[in-house]
Each structure stands twice: as structure tokens, then as C-alpha cells.
Amino acid sequence: MKVVVSGGGTGGHIYPALALINEMKRNDENIEFLYIGTEKGLEKGIVERAGIPFQSIEITGFKRKLSLDNIKTVIRFLKGVNDSKKMLKQFKPDVVIGTGGYVCGPVVYAAAKLGIPSIVHEQNSLPGITNKFLAKYVDKVAICFSEAEKYFPTDKVILTGNPRASEVIGADGKKGKESLGLTNGKKSVLIFGGSRGARAINNAVLQIIPALKNKDYEVVYVTGEVHYKNVMEKIEKMSSPPNIIIKPFIHNMPDVLAGIDLIVSRAGATSLAEITALGLPSILIPSPYVTANHQEVNARSLSDHDAAILLSEQALNGEVLLAQMDEILLNEQRLTQMAEASKKLGIPDAAKKLYDVMKHISK
Ligand SMILES: CC(=O)N[C@H]1[C@@H](OP(=O)(O)OP(=O)(O)OC[C@H]2O[C@@H](n3ccc(=O)[nH]c3=O)[C@H](O)[C@@H]2O)O[C@H](CO)[C@@H](O)[C@@H]1O
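The numbering of the sequence shown is our numbering, which starts it at 47 and goes up by one.
Following this line, the structure appears as C-alpha cells:
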């Protein structure tokens, strides 16, 4: 089988694609892949690092308001469709999948127009503009939250979950802890702001660094690549306690997640799929800067079931964050209750489900 995968911009669209690729490779050793992304998104680095053949097209997203930029975007979209058609005709895939981000627009549209079986994977509970547009042309729309069902044609939509959930299930928590130098048998919390980091979360963490010194738990704090230098400059001026490990980005996230007891993060859909697959309690601070506030909807799907605490960015500060971390991490019963509630929401066999749909449409 030959498969084209396209998805990009941020980790939330790229890691599900790679998890699916891994699942397909495990089941079919003759399978061939081509990943189509952009040069500018995070996908180029992450996909090439994973050793998957990568080609790029140029594309930008639509502005919500009418503008000259939108005309340029339409021109770029049409050029993207043309370039994608050339790549598809050359590679001759049996099936094409888009996992989100602007780049999938021209790639999946081109596939549908060439009569190649196609599918989009929507990670969020509120779909993005690209997937809503593509739903008209593709054979299937795979979703991760039942809340997303109503936005797509009933005969096309199917709940598969997010393939990253399957990937983290098989991860090695002990290895993850060792890779960061965490102590075995000690509780730990991982704080990160999605795949790119979040300034608001960084500011709150900076306020509590001195207070963390007296805590009987360890903290892994991921700043996001672009914020790392700035955060470290501030941290160097205070004395950072030994129970905090600070990183710009974590490349072995499945193993790390499997070894952690509590998550503090944004509410990106792929992170949530990982958290629920492993049954991890979380404090979620949805990004208010995303389309239609979709991260809050994602977060509610966990907090409504007591699997997570939803903390708005407006209410976020160091004191509140520390109090909530203590409330969960220092109370074994609370930790267990939240972990169980989280686990119930996970779809650990998502990768297999999605692969089955792809095999079905490619025949
Ligand atoms: C600002 C924005 O538009 N964010 C969107 C983006 O978020 P974002 O890319 O932040 O997505 P998620 O939080 O869903 O996923 C992040 C992914 O990166 C991984 N990771 C993160 C940090 C790190 O150091 N190492 C690492 O490997 C996580 O394990 C996860 O697999 O895509 C999500 C999925 O469609 C959406 O729900 C988010 O709203």
C-alpha cells in the first residue's frame, strides 16, 4: 500500500500522523509513505527526524476578515492544489489522509479531485475550517470526540479516536523518568504549554519557582523552544531548586507521559488523547487564542467528568496553580479518582481503528 499523509503547523496535527504511520508500518512491512507539509511549520523537522520522506508545498491560512491577504491565499491554495496534484500523480498513493492544519487543504482536495480515496482526521471537539471544507470532498471523516459528529455529513463521519493514544499506551514510564533524571517512587508533575509553549503558563511557573523548593514532589517544566532563552534568563536570577527540571521541548513525550503523575497544560486535542489514554489527572488551561475557543470545549470534555480541573487563563497565576497542583498531588485519593475518570475517556485502540478505515476505503 502507498499512503500520502499531510498535516502540519503544530505538533497536535503532526504527532497523530506519525503515530498512524507507525501503526501501519507495524502491520505492513511493504507500505510506502510520502508526507506532504510546509517548510515553515513544525512538521519538516519532526517528520524528517522520524525518517519519513517529506515534500513541501507553500500555503497560508485564511484571515477571518476580508482582506488582500485572502486573495493571495486563494492564489496560493490553487497553486498548492496544482503542486499537490503533481506530487500525487508521481507517487500514486492508494489513499491520502489529512490530519489537520492549513496544508491538508490543497493536498486532500487535490487527491479527491484525482479520484484517490481520501480521509481527514479531526482531533478537536470543534472542527477547524480546513476539515469542514474538505468534508464535502473526502470519503470519510474520522473524529476523536463525539461532540464533533454534528459538524460533518452523517454518512462519512466515524469515531476512531486519536492514534497518539495508542502510541503512548505502549510507552515505558521508567525509561521516561530516567531520561529526565526523575527519582523513582517520587510523585512528579509535567508542566507544558502545548507543542509551542505558552507565555501565560511560563509567567505563572516563574512566580512559583522559589516555592517549589519545599515540595515533596518533582517538577518537569517545558518552556517551549521559542521561550526557552527568555525563561532561562529570568530563572538564572533566582535560585532554582533541584526538584525542577527545565527543558525547551521533550522529544520522547510518550515515555515521559507514562512516568508522570499529573499534567499541567493547554487543552490541545492530541495532548488530551494522550492524557486520557494513560489515565492521567490534569489541570488544563485552554488557550483563548484559538478558533472558536475550541480548546475550552476540548477541556470541558474532561472536566465535565472530573478527569481534569479547568483553569481559565484569566484566573491563572502562580498562587492558584500551586494550590491546585498541591490539592491533587498531595492527596492520594483525589489523584486516584481523577486518574480513573481520565482513563474512562481514553480510546487506546484509536490507531488500529483509523488504519482499518483507511484500508477499507483504499480498496
Ligand atoms: C495554538 C493551536 O492552534 N493549538 C492547536 C494545536 O495545538 P498543539 O500543537 O499544542 O497540540 P496538542 O497539545 O494537541 O499536541 C501537542 C503534541 O506535541 C507533543 N509535545 C508537546 C510538547 C513537547 O515538549 N513535546 C511534545 O512531543 C505532545 O505530546 C502532543 O503530541 O493542535 C491541537 C490538535 O489539533 C489543537 O487542539 C490546538 O488547539
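Cβ atoms here follow ideal geometry from the backbone N, Cα and C, with glycine treated the same way.
Secondary structure note for Y148: it is in no beta strand (DSSP E), with a DSSP letter that is neither H nor E.
The residues G57, I60, Y61, L64, in chain order, have a CB closer than 8 Å to that of I92 in the same chain once the five nearest residues on each side in sequence are set aside. Distance from the C-beta of H167 to the nearest heavy atom of ligand 1 is not below 7 Å.
Short of 6 Å from the beta carbon of S328, and not among the five residues preceding or following it, lie these beta carbons of its own chain, in chain order: I309, I321, A354. If one requires a minimum length of 3 residues, the beta strand (DSSP E) runs lying completely within the stretch 167 to 216 are 186 to 189, 203 to 205, in chain order.
Proximity of the stretch 274 to 284 to the stretch 198 to 218 falls short of the contact definition, fewer than three beta-carbon pairs being nearer than 8 Å.
Approximately 15 Å separates the beta-carbon atoms of L330 and L303; this is outside 8 Å, ruling out the contact.
Across the structure, G83 and E224 are spaced so that their CA atoms are roughly 33 Å apart. Counting only residues of its own chain and dropping the five nearest sequence neighbours on each side, G147 has a CB closer than 6 Å to the CB of G53, G54, G55, H59. Each residue's CA atom was taken as its position, placing N339 and Y197 some 16 Å apart.
Counting along the chain, F238 sits inside the beta strand (DSSP E) bounded by residues 234 to 238. Shown here for E89: same chain residues with a beta carbon closer than 6 Å to its own, the five before and five after excluded, namely G54, I60, G83 in chain order.
For V268, the shortest C-beta to heavy atom distance toward ligand 1 is below 7 Å. Taking the CA atoms as reference points, G222 sits about 12 Å from S234. Within the stretch 307 to 356, the alpha helix (DSSP H) runs of at least 4 residues that lie entirely inside it are, in chain order, 315 to 324, 340 to 349. The stretch 65 to 79 makes no contact with the stretch 156 to 163, as fewer than three CB pairs between them are under 8 Å.
Here P152 really is in contact with S130; their C-beta atoms are around 5 Å apart, less than 8 Å. V141 has V49 as its beta-bridge partners, per DSSP. Here DSSP, grouped into helix, strand and coil, assigns L376 to coil. For N68, the CB stays at least 7 Å from every heavy atom of ligand 1.
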